[in-house]
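Chains as they are written, first to last, in UniProt numbering: chain Y, 1 to 199; chain E, 1 to 199.
Everything on this sheet refers to the single structure shown next.
2 protein chains.
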Amino acid sequence: MPKRVDHEERRRKIAEALWRIASERGLDGASLRDVAAEAGISLGQLQHYFSSKDEMLVFALDHISALAARRIGERVHALAETPAPRDILRESAVEMLPLDDSSRTGNLVQIAYFVRAVHDERLRRHAKEGIPALRGLFAHQIRDGIARGEVAADRDPDTEAMLLIALIDGLTNYTLLEVVSGAEALRLVDAHLEGLFTA
Amino acid sequence: MPKRVDHEERRRKIAEALWRIASERGLDGASLRDVAAEAGISLGQLQHYFSSKDEMLVFALDHISALAARRIGERVHALAETPAPRDILRESAVEMLPLDDSSRTGNLVQIAYFVRAVHDERLRRHAKEGIPALRGLFAHQIRDGIARGEVAADRDPDTEAMLLIALIDGLTNYTLLEVVSGAEALRLVDAHLEGLFTA
């Protein structure tokens, strides 16, 4: 009887091989063949799942986003029965910043995506859909903060949401460059939230 | 009589060739030979000035930073005899964001640097020295804002300076990805400054 191949499992293994390469030396010089070797499969087997590096990158990115979303959910769940908006935003930031190996790897894959997407309209679509979704989630929390009287009513939730996302993104860059430490990045996020949740 | 070579002029030409490549297709796949061809010189001539891609990248980055600093100076000079701290910070942000071709190119070179520096301790030194200098300049303006009673006295200038730098950096990423437009990025910076200059 032929061995049954678990396709989801194999895709996940390929994505993980991609992450390891991204984390150790960056994806710029990495070919499909390199990723296949790292995943312990042949190039032909890899191409059964992904026909290009970009396709693989977007899959790996989606997978990372899903994992990050799940971890944020777990963090928030661990907080309290009805967690405060400020805590939800902070826990999201903790998960997004490169504070541990797992999110550092996620961020390095995102950077590999980013440098390619800047020059590729088709790849940019991924960010153009993903960030507004995150912005909506953050805006919802800030709206809740206003409703609870924790954020001044004249703050625009949608504006504040994008400011927080951009801030976390910039701090991620500077943490990876070791311009600030992870602890300092988190302290800066807290200082920003302190200025937002003033009421 | 042999033709006198203007070394500074040639270095500048090489840097500009590097910028054009960074701007059009990214630097990841670009070799020293590609840059020499773009600059219209031989590989040997290029290697007389730069022995590696990283060396060239750091030179191009320094050159870009110097140009940006000069343009910020010109913008601030055009403002008023004694420009307000808030205006100085805003004009700096305008220059740093990819709002025109020149700063877009500068940002693309910075990204090429960034993805390499993340995996290279030696390259990171450039950011580790440059960003604290910028942070100091911004902190000085915020301290001035506090002295003039425009920023609340309980804001920490050094913290606020780094928040603003990280915010501009994140917005730069999202502008290049076309998640936000240049105009929207600037509006977001204004909203942030509005929250800082409250007094």
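Think of the CB as a built atom: it goes at the ideal place given N, C-alpha and C, for glycine as much as any other residue.
Since the model is a prediction, treat every value here as computed from it, not as a measurement.
### Query
Going along chain E in order, which residues have a C-beta closer than 7 Å to the C-beta of E178(Y)?
Result: R124 and K128.
### Task
For the alpha helix (DSSP H) containing L27(Y), list its first residue and its last residue.
Per DSSP, L27(Y) belongs to no alpha helix (DSSP H) and is neither H nor E.
### Counted within 10 angstroms of its Cβ, other Cβ atoms place L176(Y) as buried (16 or more) or exposed
Sixteen is the threshold: when 16 or more other Cβ atoms of the shown chains lie within 10 Å of the Cβ of L176(Y), as they do, the residue is buried.
### Query
Which residues, in order along the segment 60-91 of chain Y, keep a beta-carbon less than 8 Å from a beta-carbon of chain E?
For the segment 60-91 of chain Y, which is checked against every Cβ of chain E, not one residue is closer than 8 Å.
### Message
Buried or exposed, going by whether 16 or more other CB atoms sit within 10 Å of the CB of R135(E)?
### Response
Buried: at least 16 other Cβ atoms inside 10 Å.
### Query
I131(E) CB to nearest chain Y CB: under 8 Å?
Taking Cβ atoms only, chain Y reaches closer than 8 Å to I131(E), which makes this a yes.
### Task
Check L61(E) in the structure and name its three-state DSSP category.
Three-state result, L61(E): helix.
### Interface positions of the UniProt domain "HTH tetR-type" (8-68) of chain E facing chain Y (Cβ-Cβ less than 7 Å), listed along the chain
Of all residues in the UniProt domain "HTH tetR-type" (8-68) of chain E, those with a C-beta nearer than 7 Å to a C-beta of chain Y are R25, G26 and D28, reading in chain order.
### Interface residues of chain E facing V118(Y) [CB-CB closer than 8 Å]
Within chain E, the residues whose beta carbon sits less than 8 Å from that of V118(Y) are G26, L108, I111, L176 and L177, listed in sequence order.
### Task
Please list, in chain order, all residues of the same chain as H126(E) whose beta carbon is under 6 Å from its beta carbon, the five residues on each side excluded.
The residues V58, in chain order, have a CB closer than 6 Å to that of H126(E) in the same chain once the five nearest residues on each side in sequence are set aside.
### R90(E), enclosing alpha helix (DSSP H) - first and last residue
It spans P85 to M96 - the alpha helix (DSSP H) in which R90(E) sits, taken as one unbroken run.
### Task
Report buried or exposed for residue 207(Y), applying the criterion of at least 16 other Cβ atoms within 10 angstroms of its Cβ.
Outside the displayed span of chain Y (1 to 199) sits residue 207(Y), for which this structure offers no information.
### Query
Just curious, the alpha helix (DSSP H) that S116(E) is in, first and last residue?
As written in the sequence, residue 116(E) is Arg, which differs from the Ser given in the question. Run containing R116(E): D101 to A117, per the alpha helix (DSSP H) assignment.
### Task
Put I131(Y) into one of helix, strand or coil per three-state DSSP.
Helix, per DSSP.
### Message
Just to confirm before moving on: does the CB-CB distance between L193(Y) and V180(Y) stay below 8 Å?
### Response
Using a Cβ distance threshold of 8 Å, L193(Y) and V180(Y) do not count as a contacting pair.
#### Entry: Segment limits, alpha helix (DSSP H) that includes G195(E)
Looking at the DSSP string, the run of the alpha helix (DSSP H) that includes G195(E) is G182 to L196.
### Task
For D169(Y), count neighbouring Cβ atoms within 10 angstroms of its own Cβ and tell me buried if that reaches 16, exposed if not.
With 16 or more neighbouring CB atoms inside 10 Å of its own CB, D169(Y) falls in the buried class.
### Message
Taking CB distances under 8 Å as the criterion, tell me whether V115(E) reaches chain Y.
### Response
At least one C-beta of chain Y is nearer than 8 Å to the C-beta of V115(E).
### Query
In the structure shown, what three-state DSSP assignment does E81(Y) receive?
DSSP places E81(Y) in the coil class of the three-state scheme, outside both helix and strand.
### Query
Under a CB-based cut-off of 8 Å, is G182(E) close to chain Y?
Judged by the 8 Å Cβ criterion, G182(E) is not in contact with chain Y.
#### Entry: Coil, strand or helix - L67(Y) by DSSP
Looking at L67(Y) - three-state DSSP - the assignment turns out to be helix.
### Task
Starting from G44(E), trace the alpha helix (DSSP H) both ways and give me its first and last residue.
First-last of the alpha helix (DSSP H) with G44(E): L43 to Y49.
### Message
Please classify L18(Y) as buried or exposed, where buried requires at least 16 neighbouring CB atoms within 10 angstroms.
### Response
By the 10 Å Cβ count, L18(Y) comes out buried.
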